Amino acid sequence: MPGWIWRDTTQEQRDVALLEQTACGAAGPTSGLIGYVDGVAAGWVAVEPRENYPRLWSRKQPWMRMDPELEGVWSVTCFVVRKGQRQSGLTYELAYATVEYGEQVGARVLEGYPIEPPPGKSVIWDEASVGLVQVFLEAGYEVVASPTLRRRVVRRQVGASS
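Going left to right, the sequence shown walks through residues 19 to 180 as the numbering used here numbers them.
This is the structure:
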C-alpha cells in the first residue's frame, strides 16, 4: 500500500485491505508473511519477487548492476509489528521466516534494503519499517552494498544455491 494511501485511510480500512490481500481463499503467491503470537496476528513482512517492485528495478542503482537477472531474486521490503509486540524479537522471527519461505517458493536470492544508523545515532520509527541491518545479519544475510550513509543492501542465497 503506497504511503499516501496509508496516510489517507483509517485503521479499519487498512485491516480490511490486509485481510483481502492475505486471505484470498486459494493458495498461491503472496506479498508477505504474517507472524502470530498466541493465535493473533502480531507482525508482517513483505517478501515477493523483486520485479513486483518497479521503484527498485527501474532506478539504476549501483546494487542493481550486481545481478541484472531479476528472475529468482525476491525483495524483503517492509516489516510491521503491532504495538505491544514491539521489541519482543518478532522482527527477527519474521526475517528468519523470509529465508524458509524463499526456499519454499524457489527464490535463489533474497534481498533487503535495511537502515543502519551511524554510531551513536538512533533510527526513527518509519525508517525501521524497512528493517535494521542487525535483523538481517542474524538471519544470515550479508551486506553487499552501501548506497547511502544509512542504507544498506543485504542478500542471502537460498535454495540449491545456498
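Virtual Cβ for every residue (Gly too), placed ideally from N, Cα, C.
Since we're looking at a predicted model, the values are computed, not measured.
Residue i, enclosing beta strand (DSSP E) - first and last residue
{"i": "L155", "result": "Not the beta strand (DSSP E): L155 falls in the alpha helix (DSSP H), residues 151 to 156."}
{"i": "Q175", "result": "171 to 175"}
{"i": "L128", "result": "127 to 130"}
{"i": "V63", "result": "58 to 67"}
{"i": "W92", "result": "91 to 99"}
{"i": "I52", "result": "50 to 55"}
{"i": "E145", "result": "That residue, E145, is in no beta strand (DSSP E); it is neither H nor E in DSSP."}
{"i": "E160", "result": "160 to 163"}
Cα-Cα separation between residue i and residue j, rounded to whole angstroms
{"i": "D7", "j": "P72", "result": "The structure shown does not extend to residue 7, since the chain is modelled only from 19 to 180, so the question has no answer here."}
{"i": "E38", "j": "E156", "result": "31 Å"}
{"i": "G107", "j": "S147", "result": "14 Å"}
{"i": "N70", "j": "Q103", "result": "29 Å"}
{"i": "E36", "j": "G177", "result": "Rather than Glu, the amino acid found at residue 36 in this sequence is Leu. C-alpha separation (whole angstroms): 29 Å."}
{"i": "D144", "j": "C96", "result": "10 Å"}
{"i": "T48", "j": "Q122", "result": "12 Å"}
{"i": "V172", "j": "I142", "result": "20 Å"}
Residue interval of the alpha helix (DSSP H) (run including residue i)
{"i": "V123", "result": "108 to 123"}
Nearest candidate by alpha-carbon position, reference residue i, set the options
{"i": "L167", "options": "A35, I133, T48", "result": "I133"}
{"i": "G158", "options": "A113, A60, G53, G177", "result": "A113"}
{"i": "A59", "options": "R173, W143, T109, G149", "result": "T109"}
{"i": "Q187", "options": "I142, G120, G149", "result": "Since the displayed the chain opens at 19 and closes at 180, residue 187 lies outside it and no answer follows."}
{"i": "V117", "options": "V153, D144, R100", "result": "V153"}
{"i": "V55", "options": "R100, S49, Q122", "result": "R100"}
{"i": "G61", "options": "R25, D26, V98, T28", "result": "V98"}
Cβ shell of residue i (< 6 Å), same chain only, five flanking positions each side left out
{"i": "R170", "result": "P132, E134, V151, V161, S164"}
{"i": "G149", "result": "F97, G130, P132"}
Neighbourhood of residue i by C-beta distance below 8 Å, restricted to the same chain and skipping five residues each side
{"i": "A115", "result": "L51, G53, V63"}
{"i": "E30", "result": "none"}
{"i": "E66", "result": "P47, T48, S49, G50, W92, S93"}
Same chain only: Cβ atoms within 7 Å of residue i, ignoring 5 sequence neighbours per side
{"i": "E111", "result": "G53"}
Open item on the list: Within 8 Å, do at least three Cβ pairs link the region 134 to 143 to the region 118 to 126?
Closed with: no
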